[in-house]
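Trainee: For the sequence shown, my numbering assigns the number 11 to the initial residue and increments by one for each residue that follows. Beta carbons are placed, not taken as given, at the ideal position from N, Cα and C, and that holds for glycine. One structure coming up, written as C-alpha cells, with questions to follow.
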Amino acid sequence: SVVDLLTEARYAEKIRERPESGPDLMTYVWGGITVGNLFATGSVGFIIEHWGSAAVYSIIAVPAATMLVPTCLGWLEESPMCAQEAGTVRSRLWEQKELVVL
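So, in C-alpha cells, the structure goes:
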C-alpha cells in the first residue's frame, strides 16, 4: 500500500500540471493495474497447486523489491525539505499519536 500511495501522489501531481492529460494517465494507470490483477489471478492457482503457497511469496518478492530502486534513488522527483519544514511536518504527525502507532 505504500507503493500505491507514492504512485498516487506522483500521478496526482502530474495531473495537476497537465489536467488535459488526466484521463489518459488514469486510463494508463488503471489499465496496468487491471492487467497485473488478471495475470496474478490467473497464475496464483497454478503456482499454489504445483509449488505450494510459500512459492507465491517468493515469486512476488522480486517485483515488490524492484520498487526500492526508484524510491531510494529519488526518481520520484520529490523536492527535499529544509530542516524547518521537516520539523513542522514531524510535529504535526506527533500531535496525532494514533497515526504514529498505526
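Going by C-alpha distance, which of 26, 82, 105, 51 is nearest residue 70?
Mentor: Within the sequence shown, numbered from 1, the residue matching residue 70 stands at position 60. Closest by alpha carbon: 51.
Trainee: Could you give the DSSP three-state label for residue 102: helix, strand or coil?
Mentor: Translated into positions along the sequence shown, residue 102 becomes position 92. It is helical.
Trainee: Using alpha carbons as the reference points, say which of 13, 23, 12 lies closest to residue 89.
Mentor: If you number the sequence shown from 1, residue 89 lands on position 79. Here the closest residue by C-alpha is 23.
Trainee: Under the three-state reduction of DSSP, which class applies to residue 51: helix, strand or coil?
Mentor: On the sequence shown, residue 51 is found 41 positions in, with the first residue counted as 1. Reduced to three states, the DSSP call for residue 51 is helix.
Trainee: If you draw a straight line from the alpha carbon of residue 62 to that of residue 86, how long is it in whole angstroms?
Mentor: Position 52 of the sequence shown holds residue 62. Position 76 of the sequence shown holds residue 86. Taking the straight line from one Cα to the other gives about 36 Å.
Trainee: Taking only three categories from DSSP, how would you classify residue 36?
Mentor: As a working mapping, residue 36 is identified with position 26 in the sequence shown. Residue state, collapsed to three classes: helix.
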